[in-house]
Amino acid sequence: MGFTSYKEIYFWLSVVREISVSYTTVYRLVRQELGSSIKST
């Protein structure tokens with residue numbers, strides 16, 4: 001099981017890990033740096 005949206009990743013980083021990043025940064029990290037994307041089931 002993984003994340004279902006970039007918003008969910010953003011929330012997890014902000015609340016659970018207490019990491020302050022912008023939504024744009026989360027999107028760029030996942031798409032460009034990790035070479036991944038959110039997949040619908």
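The UniProt record's numbering puts the sequence shown at residues 1 to 41.
We treat Cβ as the ideally placed atom computed from N, Cα and C, and that holds for glycine.
*asked:* Looking at the secondary structure, which residues open and close the alpha helix (DSSP H) in which GLU33 lies?
replied: Within the sequence shown, numbered from 1, the residue matching residue 33 stands at position 33. No alpha helix (DSSP H) holds GLU33; DSSP gives it neither H nor E.
*Can the beta-carbon of SER22 be found less than 9 Å from the beta-carbon of VAL30?*
As a working mapping, residue 22 is identified with position 22 in the sequence shown. As a working mapping, residue 30 is identified with position 30 in the sequence shown. In this structure, VAL30 does not lie closer than 9 Å to SER22 by Cβ.
*Option in GLN32, ILE19, TYR27 with minimal Cα separation from THR4*: Taking the sequence shown and counting its residues from 1, one reaches residue 4 at position 4. Residue TYR27 is the option with its Cα nearest to THR4.
_Simplified DSSP state of PHE11, which is helix, strand or coil_ = In the sequence shown, the residue the question calls residue 11 occupies position 11. Helix.
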